[in-house]
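Going by full-length UniProt numbering, the sequence shown opens with residue 1, and the numbers climb by one from there. Let me begin by presenting the structure, written as structure tokens, before commenting on it.
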Amino acid sequence: MRLAGSVVALVTLVFVMVRLIPGDPVRNALGTNATAAVVEARRESLGLNDPLWQQYLDFWKGLLAWDLGDSFSLHLPVTTIIDQRLPATLELAFLSLAVVLVVSIPLGIVFAALTRGGRRPGVDVAYTSISGLLSVIPEFLTGVALVYLFAVQTTLLPVAGRGGPDSYILPVAALSLGVTAGVSRIVRVEALTVFSQDYVRTARAKRMSRRRLYLRHALPNLVTPALTVGGLVLGSLIAGTVLVETIFSWPGLGLTIIDAVRSKDFPLAQGIVIVYGLIVLVANLVIDVVLVWLDPRSALKET
Numbered sequence: 001m002r003l004a005g006s007v008v009a010l011v012t013l014v015f016v017m018v019r020l021i022p023g024d025p026v027r028n029a030l031g032t033n034a035t036a037a038v039v040e041a042r043r044e045s046l047g048l049n050d051p052l053w054q055q056y057l058d059f060w061k062g063l064l065a066w067d068l069g070d071s072f073s074l075h076l077p078v079t080t081i082i083d084q085r086l087p088a089t090l091e092l093a094f095l096s097l098a099v100v101l102v103v104s105i106p107l108g109i110v111f112a113a114l115t116r117g118g119r120r121p122g123v124d125v126a127y128t129s130i131s132g133l134l135s136v137i138p139e140f141l142t143g144v145a146l147v148y149l150f151a152v153q154t155t156l157l158p159v160a161g162r163g164g165p166d167s168y169i170l171p172v173a174a175l176s177l178g179v180t181a182g183v184s185r186i187v188r189v190e191a192l193t194v195f196s197q198d199y200v201r202t203a204r205a206k207r208m209s210r211r212r213l214y215l216r217h218a219l220p221n222l223v224t225p226a227l228t229v230g231g232l233v234l235g236s237l238i239a240g241t242v243l244v245e246t247i248f249s250w251p252g253l254g255l256t257i258i259d260a261v262r263s264k265d266f267p268l269a270q271g272i273v274i275v276y277g278l279i280v281l282v283a284n285l286v287i288d289v290v291l292v293w294l295d296p297r298s299a300l301k302e303t
């Protein structure tokens, strides 16, 4: 029920916001040489002269049939464009999410172990300062810096296009670096809480090896909060692909939506934004299911 309400809110918000883009999309698509009669005929054929409530209902009918209309600028069905370019964006977003989870969890645990109980204050200050700085740097600034390093200073990695495996390194790094730093800080705080629990102290008093202590006692208790945060940051990663794809000329939906907004292409822009929103909603639903499977008590807490 909550998912259905979120979908309705998403579709309504996108429908309204896209129509707030200034300018005439039909005039923009036909060019300045088109006569007023031609522009008006085109608006009529596209249903743009209909009342907003009628356009809204028609949009829902098309969405339920997976028919989002035709792109004003590319003259192709919006669903065709999305089907062609969605895989590139999904690869970028979910590879970045995988990097965030794989790197941030052990990183947070390691620094929690190094600084627990007030130990190594210098390491604590250095880690907190560096991770805090990295977590607030926008993805596009990281991307520009990587382009400068690997396109101007060196040519070690490709900085444009989607080719071999090495073409994924810089876009994924630009997307995941700041998020990894932020999530590792959260994992560290959670790990410090776990390390202060009585059962961990008991295990340490029994001379349990550090590897077994961290893998058997600490890690399982950190998976749930890490996955919860992962679901939240997925939306940030999806949004970040828009600018990162533009910087690295990545042939995904992010680059496409920039062009759609510039050309005032209503059908294409609203179709892509809705797909973005649905990806985030479905991914968070999957994470909720996984969390309930890992810890059935979490479902009772929500109720």
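Built from N, CA and C at the ideal position, the CB exists for glycine as well.
Do you know offhand how far residue i's Cα is from residue j's?
{"i": "valine 39", "j": "serine 236", "result": "39 angstroms"}
{"i": "valine 187", "j": "proline 225", "result": "8 angstroms"}
{"i": "threonine 228", "j": "threonine 89", "result": "22 angstroms"}
{"i": "leucine 156", "j": "tyrosine 168", "result": "13 angstroms"}
{"i": "proline 106", "j": "valine 189", "result": "13 angstroms"}
{"i": "threonine 303", "j": "glycine 5", "result": "Summary for threonine 303: the model assigns pLDDT 48, below 50, so the residue's position carries little reliability; its value from the coordinates is reported in the next sentence. When rounded, the distance between both Cα atoms is 18 angstroms."}
{"i": "arginine 119", "j": "alanine 98", "result": "31 angstroms"}
{"i": "leucine 285", "j": "tryptophan 293", "result": "12 angstroms"}
{"i": "leucine 300", "j": "valine 8", "result": "Residue confidence is low: leucine 300 scores 48 on pLDDT, short of 50, so the model does not pin down where it sits. Its coordinate-derived value is still stated next. Rounded to whole angstroms, leucine 300 to valine 8 spans 26 angstroms at the Cα level."}
{"i": "tryptophan 53", "j": "alanine 37", "result": "25 angstroms"}
{"i": "serine 263", "j": "glycine 108", "result": "44 angstroms"}
{"i": "valine 110", "j": "threonine 128", "result": "13 angstroms"}
{"i": "valine 179", "j": "aspartate 166", "result": "21 angstroms"}
{"i": "isoleucine 287", "j": "glutamine 84", "result": "26 angstroms"}
{"i": "leucine 291", "j": "glycine 231", "result": "11 angstroms"}
{"i": "tryptophan 60", "j": "asparagine 33", "result": "33 angstroms"}
{"i": "glutamine 197", "j": "alanine 126", "result": "26 angstroms"}
{"i": "glutamate 91", "j": "leucine 170", "result": "13 angstroms"}
{"i": "proline 220", "j": "glycine 117", "result": "21 angstroms"}
{"i": "leucine 281", "j": "proline 51", "result": "30 angstroms"}
{"i": "tyrosine 148", "j": "isoleucine 137", "result": "16 angstroms"}
Contact defined as beta carbons within less than 8 angstroms: I believe residue i pairs with residue j. What is the distance between those atoms, to the nearest angstrom?
{"i": "isoleucine 238", "j": "isoleucine 272", "result": "Not quite, the Cβ-Cβ distance comes to about 11 angstroms (not below 8 angstroms), so this is no contact."}
{"i": "valine 102", "j": "threonine 115", "result": "The pair is not a contact, with the Cβ atoms about 22 angstroms apart (cut-off 8 angstroms)."}
Residue j and residue i - do their beta-carbons sit closer together than 7 angstroms?
{"i": "leucine 86", "j": "leucine 253", "result": "yes"}
{"i": "glycine 277", "j": "leucine 10", "result": "yes"}
{"i": "alanine 93", "j": "threonine 241", "result": "yes"}
{"i": "alanine 283", "j": "leucine 222", "result": "no"}
{"i": "valine 275", "j": "isoleucine 82", "result": "yes"}
{"i": "glutamine 270", "j": "valine 16", "result": "no"}
{"i": "valine 183", "j": "serine 104", "result": "yes"}
{"i": "aspartate 259", "j": "phenylalanine 72", "result": "no"}
{"i": "arginine 45", "j": "valine 100", "result": "Here the sequence assigns serine to residue 45, which means arginine is not the residue at that position. Against a cut-off of 7 angstroms, the Cβ pair of valine 100 and serine 45 comes out as no contact."}
{"i": "arginine 43", "j": "asparagine 49", "result": "yes"}
Tell me which residues share the same chain as residue i and place their Cβ nearer than 6 angstroms to its Cβ, disregarding the 5 neighbours each side in the sequence.
{"i": "alanine 174", "result": "Glu139, Thr142, Gly143, Leu146, Val244"}
{"i": "alanine 181", "result": "Ser131, Leu134, Ser135"}
Using a Cβ-Cβ cutoff of less than 8 angstroms, which residues in the same chain neighbour residue i once the five nearest sequence positions on both sides are dropped?
{"i": "serine 249", "result": "Ala160, Gly161, Leu255"}
{"i": "aspartate 70", "result": "Leu76, Pro77, Val78, Pro267"}
Quick check on the DSSP output: the alpha helix (DSSP H) that includes residue i runs from which residue to which?
{"i": "tryptophan 250", "result": "Tryptophan 250 -> no alpha helix (DSSP H), and no H or E assigned at all."}
{"i": "proline 77", "result": "No alpha helix (DSSP H) holds proline 77; DSSP gives it neither H nor E."}
{"i": "leucine 156", "result": "Unbroken run through leucine 156: none, as it is neither H nor E."}
{"i": "serine 131", "result": "121-136"}
{"i": "aspartate 166", "result": "It is not in any alpha helix (DSSP H) - aspartate 166 carries neither H nor E in the DSSP assignment."}
{"i": "alanine 145", "result": "139-147"}
{"i": "leucine 63", "result": "52-64"}
Just to confirm my understanding: we take residue i, look at its own chain, exclude 5 residues before and 5 after, and list those with CB closer than 7 angstroms. What are they?
{"i": "residue 304", "result": "In the structure displayed, the chain extends from 1 to 303; residue 304 sits before or after that span and is not available."}
{"i": "glycine 164", "result": "none"}
{"i": "tyrosine 56", "result": "Phe15"}
{"i": "proline 158", "result": "Asp166, Ser167"}
{"i": "arginine 207", "result": "none"}
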